[in-house]
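The block underneath contains the structure these notes are about, expressed in structure tokens.
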Amino acid sequence: MDGFSEALLRNHFTLYQGYVTNTNKLLDTLERMLKDGQTSNPEFAELKRRLGWEFNGMRLHEYYFENLGGKAPTHKSGKLAAKLESYFGSYDAWEKDFRATGAMRGIGWVILYQDVVSGKLINFWVNEHDVSHPAGCNPILIMDVFEHAFMLDYGLKRADYIEAFFKNSIGRRRKPA
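One gets the numbering used here by counting positions in the sequence shown from 1 and adding 4 to each.
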């Protein structure tokens, strides 16, 4: 992929594999604890809390990886582009907002969500895997802005990473409802 080194991708996939492994271990342990009647102890509660971090880390990376690898030009006349235009005024206004959200200080995710109740498309900053996700919304486009996603190739130049993300994610977005 243009702008993503092999070393960066290997690191990213290794981190992802850790989320998958930990999610599976937690699910197995929690299932066993439930069968053994150990649900009232503090270990069960802490593992349940940890599950949100590991599971969302796994799933968000899967969505992120789905976004990448595109080489096709932006479909500014497609269904998603029309929805973006209706909520942001134009595709370019949406992209400007998405990029600006990704350029904010901090670590986390930038996610274009669709509210399933209203259909509205909204760019969200999600600080941690397991918090700040809007209830009842479907993720459409996911950009990882934790340091591991860009520091190896771009150092502190997050804007250059965002540019590479857009070059590699066009045409690969999840479909809105």
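Glycine included, C-beta positions come from ideal geometry on N, C-alpha and C.
**Request:** Leaving aside the five residues before and after L64 along the sequence, list all residues of the same chain whose C-beta is less than 7 Å from its C-beta, in chain order.
**Result:** Position 60 of the sequence shown, counting from 1, holds the residue named residue 64. Excluding residues within five positions, the ones whose Cβ falls inside 7 Å are W113, H133 and I146.
**Asked** From which residue to which residue does the beta strand (DSSP E) around L145 run?
**Response** Stepping through the sequence shown from its first residue, residue 145 is reached at position 141. It spans C141 to D148 - the beta strand (DSSP E) in which L145 sits, taken as one unbroken run.
**Prompt:** In or out: L12 buried (at least 16 other Cβ within 10 Å) or exposed?
**Reply:** The count along the sequence shown starts at 1 and reaches residue 12 at position 8. The residue in question, L12, is buried, as its Cβ has 16 or more Cβ neighbours within 10 Å.
**Prompt:** Going by the CB atoms, is the gap between L125 and H144 shorter than 8 Å?
**Reply:** By 1-based counting over the sequence shown, the position of residue 144 is 140. By 1-based counting over the sequence shown, the position of residue 125 is 121. Going by the sequence as given, residue 144 is Ile instead of His. Against a cut-off of 8 Å, the Cβ pair of L125 and I144 comes out as a contact.
**Request:** Tell me whether G172 sits in a helix, a strand or coil according to DSSP, three-state version.
**Result:** Taking the first residue of the sequence shown as position 1, residue 172 is located at position 168. The amino acid occupying residue 172 in the given sequence is Asn; Gly does not appear at that position. N172: helix per DSSP, three-state reduction.
**Item:** Distance between Y20 and N45 (C-alpha atoms, nearest Å)
**Value:** Taking the sequence shown and counting its residues from 1, the one referred to as residue 45 is at position 41. Taking the sequence shown and counting its residues from 1, the one referred to as residue 20 is at position 16. Rounded to whole angstroms, N45 to Y20 spans 29 Å at the Cα level.
**Within 8 Å, strictly: CB atoms of F8 and D148** = Residue 8 sits at position 4 when you count from the first residue of the sequence shown. Residue 148 sits at position 144 when you count from the first residue of the sequence shown. No, the pair does not count as a contact, with Cβ atoms beyond the cut-off.
**Asked** Between the segment 81-97 and the segment 52-71, are three or more C-beta pairs nearer than 8 Å?
**Response** no
**Message:** Which of the three DSSP states is assigned to N26 in this structure?
**Reply:** Residue numbering aside, residue 26 sits at position 22 when the sequence shown is read from its first letter. The answer is helix: DSSP assigns N26 an H, G or I state.
**Request:** Rank K29, G73 and R36 by C-alpha distance to the C-alpha of R54 and give the top, closest one.
**Result:** What you label residue 54 is simply residue 50 of the sequence shown in a count that begins at 1. Closest option to R54, Cα to Cα, is K29.
**Prompt:** Can you give the Cα-Cα distance for L34 and H137, rounded to whole angstroms?
**Reply:** Translated into the one-based positions of the sequence shown, residue 34 becomes position 30. Translated into the one-based positions of the sequence shown, residue 137 becomes position 133. Approximately 23 Å between the Cα atoms of the pair.
**Asked** DSSP beta-bridge partners for V114?
**Response** Position 110 of the sequence shown, counted from the start, is the residue given in the question as residue 114. V114 is bridged to W129 and M147.
**Item:** Per-residue DSSP class, three states only, for D119
**Value:** The sequence position of residue 119 within the sequence shown is 115, counting from 1. Here D119 sits in strand by DSSP.
**Message:** Between G110, F17, D40 and G73, which has its C-alpha nearest A168's C-alpha?
**Reply:** By one-based count along the sequence shown, residue 168 stands at place 164. That would be G73, whose Cα lies nearest to the Cα of A168.
**Asked** Is it buried or exposed for L84, if we count other Cβ within 10 angstroms and need 16 for buried?
**Response** Residue mapping note: residue 84 aligns to position 80 of the sequence shown, counting from 1. So L84 counts as buried.
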